[in-house]
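Working notes for the structure below.
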Amino acid sequence: MHTLVHAAAARDAGARAVVVGTAITHPTTITTWFREAVTAR
């Protein structure tokens with residue numbers, strides 16, 4: 052996954068987990084963005 056849209060689309064398609072791309076430079080912030088994108092649905 053490289054964007055919040057990708058993660059949200061995967062969640063909408065029934066995924067229970069996603070793997071975020073390898074270039075995370077600020078993991079706490081970016082993880083929060085992805086968590087919020089997939090749990091808000």
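Quick note: the sequence shown uses our numbering, first residue 52, plus one each step. Note that the Cβ used here is the ideal one computed from N, Cα and C, for glycine as well.
Cα-Cα separation between Arg67 and Ala58, rounded to whole angstroms: 10 Å
For Ala88, three-class secondary structure by DSSP: helix
Backbone secondary structure at Ala60 - three-state DSSP: helix
Pairwise C-alpha distance: Arg86 and Thr79: Thr79 and Arg86 have their C-alpha atoms some 11 Å from each other.
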